[in-house]
Amino acid sequence: MISAVARPFKLALFTGRAGPPQHSFLRFPMPRWLGLLPFRGLDVTLVADVAIAFFVYATSLSYLLGENDKRPLSSGMGMIYLTALAFSVPIAMRHRWPLAAWRVLMLGTLATLVVQAELRSAGTPLFLPGTVVAGALCLYAVAVRCDRDATLGAWVVSVGFVWLVDQHEYSLLFGAIIPTVAVLFGHNVRVRRSATARLAEEKERTEIAEAAQAVLEERARIARELHDVVAHHMSVIAIQAEAVPLEAAGDPRRLEAGLATIRSLSLEAIAELRQILGVLRDGEGRVETAPLPGLERLEDLLANARAAGLEVELRRSGPVEDVPQAVGLSAYRILQESLSNVMRHAPGARVRVELEREEEALRLRVINSVGLPQDAAVRRSGGGQGLLGMRERAAAHGGSLRAEVLPGGGFEVAAVLPLEAA
0 MISAVARPFK LALFTGRAGP PQHSFLRFPM PRWLGLLPFR GLDVTLVADV
50 AIAFFVYATS LSYLLGENDK RPLSSGMGMI YLTALAFSVP IAMRHRWPLA
100 AWRVLMLGTL ATLVVQAELR SAGTPLFLPG TVVAGALCLY AVAVRCDRDA
150 TLGAWVVSVG FVWLVDQHEY SLLFGAIIPT VAVLFGHNVR VRRSATARLA
200 EEKERTEIAE AAQAVLEERA RIARELHDVV AHHMSVIAIQ AEAVPLEAAG
250 DPRRLEAGLA TIRSLSLEAI AELRQILGVL RDGEGRVETA PLPGLERLED
300 LLANARAAGL EVELRRSGPV EDVPQAVGLS AYRILQESLS NVMRHAPGAR
350 VRVELEREEE ALRLRVINSV GLPQDAAVRR SGGGQGLLGM RERAAAHGGS
400 LRAEVLPGGG FEVAAVLPLE AA
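Numbering (numbering that gives the first Met the number 0), first residue to last: 0 to 421.
Dropping the structure here:
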């Protein structure tokens, strides 16, 4: 309990430290020929403090010297100059060392108390105007830059010091009001600055989090595109490479035609990969701007599937080539991944593709029958990312995707892609 009560006074008088100074938004640029100075510009607050300190010194010295002419002081001229400095030096110090400035003011006021006591006469307060100005400015700086306990200790000591050494009614009044107003105003400024700093930090953290989220989303998008392209084209190429020698049966022309088909598929895969990776800039800042595939390339996609041994039937309802580009790309990738899954897990199956253009959405269904028997290891091949990627594509447009095994065998993928959201 005692330590908690004594802590504010300990911080104010001995151990307290002020926070870093707040630089003014206005700074005077320094000429280059003054480059030897330890700073490049003058803070407006520091300039104002020095000017106020000089004014307080001059007015206090003028007042003390004038009173010395009217009524000689026993303290001597040295104490007069010391008193003027005791009121002005803390003002010049408060911008950089607010607690030290307040401590110097308190010590200077105590040291020059004898001089001020000699000036006291009927109706004249003990403390000079310079003391009031310096005390208010130093207490304000302490409240702005120091924590609550140190500010409380400085305020109590200041008010208590005034009330102990001078019982004049004006001193009692101003000794309580002026320090309290200065402390409250400074504390309010400190709270507002802290809130502004916290808001700035929160905004910075939010921007960093949003940037990280954008990077993750872009990586996921590129990963989906790469998976769709590689999975589809590599599946077709693998099946073609296995089927061409069997179909050629030693005929060089048929073998050459089959290899030409594989080469065409490989070049198409390379072209699509280049388009996907075009989002990454090269050393000169160029970006690949070739269009990504859409439903206008639907027939080419189905032709590749038929070349891989699938029986594909297409049913269309309404114009589907003019759907928004993002919807067309997602529908193309969903169909591409569905056909790739059929090639891997149900080779030789019959596939029915249904595309229906409605007023508000594009509906896509891919239904395949049971394929030819194959090795269990082949049926289990694949990383399991295809269905996840298709669902993510549908969800990106506010749509839905359903993938399930049919009761009589086979598989169905049904997607709904809203056109209005796109």
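Think of the CB as a built atom: it goes at the ideal place given N, C-alpha and C, for glycine as much as any other residue.
Classification of residue i by the beta-carbon crowding that lies within 10 angstroms, buried from 16 upward
| i | result |
| --- | --- |
| aspartate 165 | buried |
| threonine 14 | exposed |
| glutamate 267 | buried |
| glycine 327 | buried |
| leucine 106 | exposed |
| methionine 0 | exposed |
| serine 316 | exposed |
| leucine 338 | buried |
| glutamine 324 | exposed |
| glutamate 209 | exposed |
| phenylalanine 38 | Low local confidence applies: a pLDDT of 47 at phenylalanine 38 is under 50, so the model's placement there is unreliable, and no value is given. |
| threonine 108 | buried |
| serine 234 | buried |
Residue i, DSSP secondary structure in three states
| i | result |
| --- | --- |
| glutamate 411 | strand |
| serine 368 | coil |
| leucine 36 | Residue placement at leucine 36 is poorly supported in this model, since its pLDDT is 46, which falls under 50; the coordinates still yield a value, given next. It is coil, neither helix nor strand. |
| proline 251 | helix |
| proline 244 | helix |
| valine 43 | helix |
| valine 319 | coil |
| alanine 17 | coil |
| proline 346 | coil |
| leucine 264 | helix |
| arginine 95 | coil |
| proline 292 | coil |
| leucine 127 | coil |
| leucine 313 | strand |
| glycine 381 | Because glycine 381 sits at a pLDDT of 47, beneath the cut-off of 50, its placement in the model cannot be relied upon, and the following sentence gives the value as read from the coordinates. Glycine 381: coil per DSSP, three-state reduction. |
| cysteine 145 | coil |
| methionine 0 | coil |
| aspartate 165 | coil |
| threonine 205 | helix |
Residue i - containing alpha helix (DSSP H), residue span
| i | result |
| --- | --- |
| alanine 304 | 297–306 |
| leucine 12 | Premise fails: leucine 12 is in no alpha helix (DSSP H) and is neither H nor E. |
Extent of the continuous beta strand (DSSP E) to which residue i belongs
| i | result |
| --- | --- |
| glutamate 357 | Per DSSP, glutamate 357 belongs to no beta strand (DSSP E) and is neither H nor E. |
Residues sharing a beta bridge with residue i, DSSP
| i | result |
| --- | --- |
| serine 399 | Val415 |
| valine 404 | Phe410 |
| glutamate 353 | Arg314 and Arg364 |
Rounded Cβ spacing between residue i and residue j (contact assumed at less than 8 Å)
| i | j | result |
| --- | --- | --- |
| alanine 422 | leucine 104 | Residue 422 is absent from the model: the chain starts at 0 and stops at 421. |
| isoleucine 176 | leucine 136 | Actually they are not in contact, since the Cβ atoms of isoleucine 176 and leucine 136 sit about 15 Å apart, beyond 8 Å. |
| threonine 111 | methionine 78 | 7 Å |
| valine 341 | leucine 309 | 6 Å |
| valine 188 | tryptophan 154 | Not a contact, Cβ separation roughly 15 Å. |
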